[in-house]
Amino acid sequence: QVQLVESGGGLVQAGESLRLSCAASGSILRINAMRWYRQAPGKQRELVAVVANNSSTNYVDSVLGRFSISRDKNTVLLQMNNLKPEDTAVYYCNADVQQTISRMMNFWGQGTQVTVSS
Numbered sequence: 145q146v147q148l149v150e151s152g153g154g155l156v157q158a159g160e161s162l163r164l165s166c167a168a169s170g171s172i173l174r175i176n177a178m179r180w181y182r183q184a185p186g187k188q189r190e191l192v193a194v195v196a197n198n199s200s201t202n203y204v205d206s207v208l209g210r211f212s213i214s215r216d217k218n219t220v221l222l223q224m225n226n227l228k229p230e231d232t233a234v235y236y237c238n239a240d241v242q243q244t245i246s247r248m249m250n251f252w253g254q255g256t257q258v259t260v261s262s
């Protein structure tokens, strides 16, 4: 099995910064894409940012220029700057994990709350 453990959430004021971290452990041969999703109350879960195995990245338009995703082996970071109240959500880590040559699975973390006050 694979565990994704997130940390770094909290309560901040608008304009401040937070850095989320997600560490993967367990039965891992290689991790392909790693992602951050978020879900605000009453809304669908949305993809915020993704980093591929070759370190290429993509972001949802609403965070461009403010958020930065990066990875180091089996850890993915999300640096969030100039936070806005609309960034308030539970943030989830997600990863495509190659466990064996023939087995690739998708895993989720438990989520970490980010609250931005105005």
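Residue numbers for the sequence shown follow our numbering, beginning at 145 and rising by one. Beta carbons are placed, not taken as given, at the ideal position from N, Cα and C, and that holds for glycine.
Considering just the uninterrupted stretch of the beta strand (DSSP E) at residue 207, what are its terminal residues? Along the sequence shown, one-based indexing puts residue 207 at 63. First-last for residue 207: undefined, no H or E at that position.
Taking the alpha carbon of residue 246 as the point to measure from, which residue in 173, 150, 146 and 167 has its own alpha carbon closest? Counted from its first residue, the sequence shown places residue 246 at position 102. Looking at the Cα atoms, 173 is the closest of the given residues.
Outcome for residue 178 when other beta-carbon atoms lying within 10 angstroms are tallied against a minimum of 16: If you number the sequence shown from 1, residue 178 lands on position 34. That one is buried.
Per DSSP, which residues does residue 215 bridge with? Please list them. Counted from its first residue, the sequence shown places residue 215 at position 71. Partner(s): 220.
Backbone CA spacing between residue 225 and residue 156 [nearest angstrom]: Mapped onto the sequence shown, residue 225 falls at position 81. Mapped onto the sequence shown, residue 156 falls at position 12. Going from the Cα of residue 225 to the Cα of residue 156 covers about 11 Å.
Run through DSSP, which three-state label would residue 150 get? Mapped onto the sequence shown, residue 150 falls at position 6. If DSSP states are grouped into helix, strand and coil, residue 150 belongs with the strands.
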